[in-house]
Amino acid sequence: HLPASFPPGLPDPSVFDHRWLEVQVATLTCPQRWVQYLRLLQESIWPGGLLPEYPRPVRTQEQKAAAEKQALQSLMGVLPDIVVEILGVNKCRLSWSLVLESLRQPLINRHLIYCLWDIILEFLDLSASAEESAITSSATDTPGSPKKMGISP
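Going left to right, the sequence shown walks through residues 1 to 153 as UniProt numbering numbers them.
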């Protein structure tokens with residue numbers, strides 16, 4: 001049963017189609033998006049491919065507040081209208097504000113970066129490539145192998 005305050009005309013949230021969420025996650029984690037994310041990260045750290053000669057000037061409180069406001073507006077635009085309708089604008093804004101506040105914590109940032117790198121490495125399957133490389137090199141470096149004896153195969 002729907003609560004009395006639930007907006008009419010919207011689908012019952014208990015039977016919300018999870019397909020939309022699956023599609024969004026798949027879209028946000030597809031290889032093309034990872035390339036975009038890595039390029040954005042690279043450009044933000046090394047603008048123009050070079051490290052800056054001087055550190056950036058310290059931002060003022062007004063600049064920080066303006067950047068936070070812009071980030072909050074961008075994040076609010078990510079949510080589909082149905083989610084905003086169900087939760088309400090204030091709860092969505094509060095949730096995103098908590099996310100932004102959490103990202104100001106160095107320990108959380110460090111953990112987040114480690115987790116993202118784990119996901120990227122798992123996605124790229126570099127660990128399997130490293131294992132294959134180790135197996136291949138150990139097989140070719142066995143005693144008596146032509147490579148070890150300086151003889152070309």
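We put the CB at the ideal spot given by N, CA and C, even for glycine.
Model, not experiment: these values are computed from the prediction.
**Request:** Mark Cys-92 as exposed unless 16 or more other C-beta atoms lie within 10 angstroms of its C-beta, in which case mark it buried.
**Result:** Buried, by the Cβ-count rule.
**Item:** Spatial neighbours of Val-99 in its chain, beta-carbon cut-off 8 Å, leaving aside the 5 residues before and after
**Value:** Result list for Val-99: Leu-75, in chain order.
**Prompt:** How is Glu-53 classed by DSSP in three states: helix, strand or coil?
**Reply:** When DSSP states are grouped into helix, strand and coil, Glu-53 belongs to the coil group.
**Prompt:** What span of residues does the alpha helix (DSSP H) with Trp-46 cover, start to end?
**Reply:** Note, Trp-46: premise wrong, no alpha helix (DSSP H); not H, not E.
**Asked** Would the beta-carbon of Leu-72 fall within 7 Å of that of Trp-96?
**Response** Contact flag set, yes.
**Request:** Assign Trp-20 to one of three DSSP states: helix, strand, or coil.
**Result:** Trp-20: helix per DSSP, three-state reduction.
**Request:** State the DSSP-derived secondary structure class of Leu-38, mapped to helix, strand or coil.
**Result:** Three-state result, Leu-38: helix.
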